Amino acid sequence: MAVKLTEKVVADLVRLFLENKTNGNWHPEKTKQTELHEHGPDLVMIGGKRNSERFIIECKGKSYAKSAKQINSEGWLNALGQLITRMDVARMDKSGRINRAYKYGLGLPKQGAEVALRRIPHKIARTLNLYIFAVSDNCAIKMYTPKDFR
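Spelled out as structure tokens, the structure:
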């Protein structure tokens, strides 16, 4: 039986993907994952190359309703809006460069991820340090970095 890609399943898959990623260095004991109706981002991970990076990720599940095609292709907008409202960090450091210690991510079903990759401008993705995690129906994950945006 296929797994339904609920928001919690997507968040769990993204967390496991990052924790098991080669050279990822994300610390499971420092990971904060919110439950469905809790306030805050779905995942906050600490670690990375310098052990001081933060990955703040907002996830959306796949809709199985009759109007699912439209919901699944537009759900990324809600996730992006929630992520932006949680950005309370200066995007530039003292020398005027983009602060790369904070990474932001969207965990989305594959259909929504493909739309987001086309619609979010490349320069915005680079400025926000935005990553997308596309989750397919068979639970495989593909990570897109800011340079992958079109």
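Plus 99 on top of the position in the sequence shown (first one is 1) and you've got my numbering.
Cβ coordinates follow ideal geometry from the N, Cα and C atoms, glycine included.
It should be emphasised that the depicted structure is a prediction, and the values quoted were computed from it without experimental measurement.
Inset, instruction - Give a single yes or no on whether Leu-216 has its beta carbon closer than 8 Å to a heavy atom of the ligand FMN. - result: In terms of ligand content, the structure shown is empty, and the ligand FMN therefore cannot be addressed.
Inset, instruction - Please state if the CB of Cys-158 and the CB of Val-113 are separated by a distance shorter than 9 Å. - result: Residue mapping note: residue 113 aligns to position 14 of the sequence shown, counting from 1. Residue mapping note: residue 158 aligns to position 59 of the sequence shown, counting from 1. Yes; because the gap between Cβ atoms is below 9 Å, this pair is in contact.
Legend entry - CA nearest to the CA of Ser-162, picked from Arg-217, Val-109, Ile-240 and Lys-193: Walking along the sequence shown from the start, residue 162 turns up at place 63. The residue with the shortest Cα to Cα distance from Ser-162 is Val-109.
Inset, instruction - Output the residue ranges of the alpha helix (DSSP H) runs that lie fully inside the region 102-166 and measure 4 residues or longer, sorted by chain position. - result: 106-118
Inset, instruction - Give, in chain order, every unbroken run of the beta strand (DSSP E) that is at least 3 residues long and sits entirely within the region 178-225. - result: 201-208
Inset, instruction - With a 10 Å radius around its C-beta and 16 neighbouring C-beta atoms as the bar for buried, classify Asp-247 as buried or exposed. - result: Along the sequence shown, read from residue 1 onward, the residue named residue 247 stands at position 148. Answer is exposed; the Cβ neighbour count stays below 16.
Legend entry - Contacting residues, own chain, Cβ-Cβ under 7 Å from His-221 (five flanking each side not counted): The residue given as residue 221 occupies position 122 in the sequence shown. Closer than 7 Å at the Cβ level, and outside the excluded window around His-221, lie Phe-248 and Arg-249.
Inset, instruction - Sort out for me which residues DSSP pairs Lys-246 with in a bridge. - result: Residue 246 sits at position 147 when you count from the first residue of the sequence shown. In the DSSP output, where bridge partners are listed per residue, Lys-246 has none listed.
Inset, instruction - Please report how far the alpha carbon of Glu-128 lies from the alpha carbon of Met-144, in whole angstroms. - result: Counting from one through the sequence shown, the residue named residue 128 turns up at place 29. Counting from one through the sequence shown, the residue named residue 144 turns up at place 45. Near 9 Å, if we compare the C-alpha coordinates of Met-144 and Glu-128.
Legend entry - Segment contact flag, the region 130-138 with the region 168-179, C-beta cutoff 8 Å, min 3 pairs: no
Legend entry - First through last residue of the beta strand (DSSP E) which encompasses Ala-233: Indexing the sequence shown from 1 puts residue 233 at position 134. Segment 229-234, the beta strand (DSSP E) holding Ala-233.
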